[in-house]
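Quick note on numbering: the sequence shown equals residues 35 to 918 in our numbering. Where a beta carbon is used, it is the ideal one built from N, C-alpha and C, also for glycine. All values derive from a computational prediction rather than experimental measurement. Presented below is the structure to which this report refers.
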Amino acid sequence: MSTALNHPIISSEEIRNIFLDFFKNKQHQIVASSSLVPGEDPTLLFTNAGMNQFKDVFLGFDKRHYARATSSQKCVRAGGKHNDLENVGYTARHHTFFEMLGNFSFGDYFKKDAIQYAWELLTEIYKIPKEKLLVTIYSEDDEAYDIWAKSIGIHPDKIIRIGDNKGAKYASDNFWMMGDTGPCGPCTEIFYDHGSHIPGGLPGSKDEDGDRFIEIWNIVFMQYNRDEKGVMHVLPKPSVDTGMGLERICAVLQGVHANYETDLFVPLIQSAANITKTSDIHHPSLKVLSDHIRACTFLISDGVIPGNEGRGYVLRRIIRRAIRHGYKLGCRQPFFHKLVDDVVRMLGKAYPDIERNKQNIALSLKQEEERFFETIENGMNILEESIQTLIKKNQKTFDGQIAFKLHDTFGFPLDLTADICREKNISIDQKGFDEAMEAQKSMARSSNKFKMKIDVDYTGDATHFSGYEAMECKAKVLALFQDDMSKKELLKGESGIVILDTTPFYAESGGQVGDKGMIKTSNSSFKVEDTIKIKAKIYAHFGVVETNSLKVSDEVMASVENDSRKNIMRNHSATHLLHKGLKNTLGSHVEQKGSLVDESKTRFDFSHPKALTSDEIKSVEMFVNQEILNNTDTEAKTMHLDDAKKSGAMMLFGEKYADEVRVLSIGSSKELCGGTHVKRTGDIGAFKIISETGISSGIRRIEATTGFNVIHYMNEHVSIIDRLAHDLKVPSSELLSKIDQIQDLMKEQEKNIQQLKSKIASSESGNLSKKAISIGDVKVVMEKLGAADAQALRETIDKLKAELKSAVIILSGVDQDKVTLAVGVTHDLVNKIKAGEIANELALAIGGKGGGKPDLAMAGGSKPELLDQAFSDCLTQLKKIILN
């Protein structure tokens, strides 16, 4: 089989390898793709270009041992400025995840070589006909024009100059800037002509957004440095940054027009069709699924967990958009995770991390699907009913308040609601949504307690930290502050901040709390209650003067509280061993997500998709305690960051490190850490996990303690066991079997109680039918049934439906302050009256939430005193609906 280019089809894998090998033969270093989580660039949500990992090299902050590089970089554009999400599935080339092939020169070759390399690869290696290619250049870049026209030999008609087409000098599609200041320069882009049968105009024309002429390669010439005034200065060593989307070049070389027709997507589309049982292989939803599973697979592999903020929220949006498109195809059970194996099979060779992490990826996706499927049906019912109401009224704007309710109650991201509305040519009331969101945030803010703001104006010398070597030292008072104001003296009883020239006090950092202790002169003392950094190397000691006064320039003795520091060191060192133990037990996907180390415990947050089993917890505890018993020396070394990486030291995702870092080796653990630690593992004493919980989707939290605190913890639990054994009159060894007996007895009693409730409700159903109100031809039953629970209410509704034939039934049960409501509507009425809407309105009236299907819905509330009024209002509304 051949393509339109008259050569055999080559696979995406071959296209990628040919690119990298070509530049390797041109003395380029092949550099592995960086993570999708840009660890050293807080300005980026996700890695979105090949140059991201070389940004500091281009800026001059970093140096590599090579001057030429090439890579195939994983990229995501699905949030923030670069957001292609809503277009995915409906265009030929929009994707959330894509691969960017690139070659880079760091002050080495420049325009002529960069252009010649690109032309040689495209026309001689990939064998794209020259007549199918055209180029754009920046209007003032005569050098690039001459290279294309004279060196390459492109006809001038196929060299298009693009000026400042975005409203300002250098604001052009063909002038690239890293930011408002810094390296920048003109670029030249290579376009492929898909043929006159495809609509679209030349680059720079009014029809340039068509699909005929598609950019396949962008070559940026970084030759200027832009200053704060906008003045361009010529760089002494200009550089080159290029990017070619693998998906686009695959479409060209495989003889198809749309990226979704290439071998990067066709197998995924076919698998998605099989899983969703969809016969229409061209359905846009299948394209959405094929794209989104790639993004989700790589994001989760790189440590992103579905959540409610930042990167986790973007991932959750992508997953939920995929689920919605599966729902549209008829899926009512988790299905999306089943596509992970296909992605791994196709891309695992190029990116081995997804092969190693595939089980965790699939499990994380399945859990997210299960959560969303629990609420999607109710949310979709409300959404569809609201859309149908708008269509009947010939209105085109969806209520922002309802959109917020879908977001807040059912987990529908706004863009998912907007996506569904867009299909019906309906827009979202953004203002109404924003107002509802702000109202909720205001309520949350009003209930928060704010910490004191620290804003001291200190510009003096930095503090030297001596706390690794000793817990006390001589020092000099450099400054004093009270209520953010500089002071010459703090008097007895006054609270304030002390800044010293040297300190043994560790300042809160890296999850470790600040030290406590005393700062003393010969006749005064200042009690340090906390230590933090107010700037990079300025240590602020918070506390109160206990005797006499403390003055600027006083010579003092600074002493850390011995027991407190030792407990903190035990807990911090144990945290490193815990991290190592979790990786050993659960797998390499475990990544630290947060920590708190104080004198009583360590709290460690980490990525893992499910709760640990008791055996896994025991395994981790055993590992840590074995390391403690081994009593090995701990070792801290300062080394260059590159050397630390080569040594295998663990680093945190998203953490920015200096060139010189501190590497701590403790037992079999090796991590970058600036905290204080024990000298030998045996100094930890003992280790015990106190609790293991989930704090958000895919994030677990372990709390543990060490040393004498373990003994205290065990003594407390032994006392509880002894007390239980005494009260239950059994030996402690028989406690579990005794508790099992009690639980079995309770279950039996609860079953009997439920049966009695059902009998009572059943016996009352006959009486209830007699109390039915006739409104036209419809019977309405609206009654309170004592403390009846949800099951009893549902059973009663089923019996009344069968008896009354055409009816609306609303029943309640009240147990102390808890109200349970059930609403039933017979099938002949559901087109006119919906149980879910009634339940929701009643729930709002009694301080709760509700919803369900058109024929049966449930609700709950916490204000039983409002139930009578709610019933009365509901009856009035029903009369209007039925009689109209």
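Return yes when the Cβ of T310 is within less than 8 Å of the Cβ of F369, no when it is not.
Their beta carbons are under 8 Å apart, which means F369 touches T310 by this criterion.
Measure the CB-CB distance between P237 and I196 and report whether it falls below 8 Å.
Yes. Within cutoff.
With distances taken Cα to Cα, identify the nearest neighbour of A841 among T740, I531, E419 and K804.
Of the listed residues, the one whose Cα sits closest to A841 is K804.
Flag this pair as yes or no: are the beta carbons of R637 and E750 separated by less than 8 Å?
Their beta carbons are not under 8 Å apart, which means R637 does not touch E750 by this criterion.
Between the region 321 to 338 and the region 268 to 282, can you find at least three pairs of beta-carbon atoms closer than 8 Å?
Flag = no, the region 268 to 282 and the region 321 to 338 do not touch.
Tell whether a beta-carbon distance below 8 Å holds between I843 and G858.
Against a cut-off of 8 Å, the Cβ pair of G858 and I843 comes out as a contact.
I'd like to know if the region 500 to 519 and the region 573 to 588 are in contact, where contact means that at least 3 CB-CB pairs between them fall below 8 Å.
Yes, since at least three Cβ pairs between the region 500 to 519 and the region 573 to 588 fall closer than 8 Å, the two stretches touch.
Out of S319, D336, R260 and M414, point me to the one whose CA is closest to D387's CA.
Residue D336 is the option with its Cα nearest to D387.
Which residue's Cα is closest to the Cα of Q422: P72, K458 and D453?
Minimum Cα distance to Q422 is reached at K458.
Flag this pair as yes or no: are the beta carbons of A3 and A824 separated by less than 8 Å?
Past the boundaries of the shown model lies residue 3; the chain is included only from 35 to 918, so the question cannot be answered.
Counting only the same chain and skipping the five closest in sequence on each side, list residues whose C-beta sits under 8 Å from that of N557.
Contacts found: T581 and N582.
So is V658 buried or exposed if we call it buried at 16+ other beta carbons inside 10 Å?
It counts as buried.
According to DSSP, simplified to helix, strand and coil, what is G732?
It is coil, neither helix nor strand.
Relative to the C-alpha of S725, which candidate in S767, K652 and N786 has its C-alpha closest?
It is K652 whose Cα lies nearest to the Cα of S725.
Give every residue of the same chain whose Cβ lies closer than 8 Å to the Cβ of I462, excluding the five residues on either side of it in the sequence, and list them in chain order.
Cβ within range, chain order: T431, F432, G434, A437, L448, T451, A452 and C455.
Alpha carbon to alpha carbon, how far is G289 from R351?
Rounded to the nearest angstrom, the two C-alpha atoms are 33 Å apart.
How many Å lie between V697 and L706 at the Cα?
Cα to Cα, the separation comes out at about 4 Å.
Using C-beta distances below 7 Å, list every residue in its chain close to P301, excluding the 5 sequence neighbours before and after it, in chain order.
Correct list, in chain order: D376 and M380.
Assuming the contact rule is C-beta atoms closer than 8 Å, V631 and T647 should be a hit. Round their C-beta distance to whole Å, please.
No, V631 and T647 are not in contact; Cβ-Cβ is about 26 Å, not under 8 Å.
Measuring CB to CB, does G201 end up less than 8 Å from Y258?
Cβ distance not < 8 Å, so G201 and Y258 don't count as in contact.
With a CB to CB cut of under 7 Å and the five nearest residues on each side skipped, what residues in its chain are close to L525?
Closer than 7 Å at Cβ, skipping near neighbours: V579 and S583.
Taking the runs of the beta strand (DSSP E) that are 3 residues or longer, which of them lie wholly in the region 804 to 852?
Within the region 804 to 852, the complete beta strand (DSSP E) runs of at least 3 residues are 807 to 809, 812 to 818 and 841 to 849.
How about the region 539 to 549 and the region 491 to 508: do they share at least three Cβ pairs that are nearer than 8 Å?
Flag = yes, the region 539 to 549 and the region 491 to 508 touch.
For N743, which residues from the same chain have a beta carbon less than 7 Å from its beta carbon, with the 5 sequence-adjacent residues on both sides left out?
These residues qualify, in order along the chain: S634.
Decide if the region 203 to 222 is in contact with the region 158 to 165; the criterion is three or more beta carbon pairs, one per stretch, under 8 Å apart.
The region 203 to 222, when compared against the region 158 to 165, does not touch it at the 8 Å Cβ threshold.
Starting from G741 and walking both ways along the beta strand (DSSP E), at which residues does that stretch end?
Note, G741: premise wrong, no beta strand (DSSP E); not H, not E.
Relative to the alpha-carbon of A285, which residue among V274, D297, D275 and G545 has its alpha-carbon at the smallest distance?
If we check each option's Cα against that of A285, D297 comes out closest.
So G741 and A759 are in contact, right, with Cβ under 8 Å, and what is the actual spacing, rounded?
Their Cβ separation, rounded to whole angstroms, is 28 Å, which puts G741 and A759 out of contact at 8 Å.
Under 6 Å Cβ to Cβ from K483, same chain only, skipping five residues before and after it: list those, please.
The predicted model places K483 with a pLDDT of 35, which falls under 50 and marks its position as unreliable; any figure quoted below should be read in that light. If we look at K483 and ignore the five residues flanking it on each side, it has no Cβ neighbours.
Name the DSSP beta bridge partners of Q422, please?
Per DSSP, none; premise fails for Q422.
Is the region 356 to 375 touching the region 92 to 100 in the sense that three or more CB pairs, one from each, lie closer than 8 Å?
Touching, no.
Is it buried or exposed, I253, if we count other Cβ atoms within 10 angstroms and call 16 or more buried?
With 16 or more Cβ atoms within 10 Å of its Cβ, I253 is classed as buried.
Can you give me the start and stop residues for the alpha helix (DSSP H) that Q435 sits inside?
Where Q435 is concerned, the enclosing alpha helix (DSSP H) stretches over G434 to F444.
Is the beta carbon of K58 sitting closer than 8 Å to the one on I49?
No, the Cβ-Cβ distance between K58 and I49 is not below 8 Å.
By alpha-carbon positions, which one of G820, P898 and V814 ends up nearest to I915?
Checking every option, the nearest Cα to that of I915 belongs to V814.
List the endpoints of the continuous alpha helix (DSSP H) containing C908.
That run of the alpha helix (DSSP H) goes L901 to L917.
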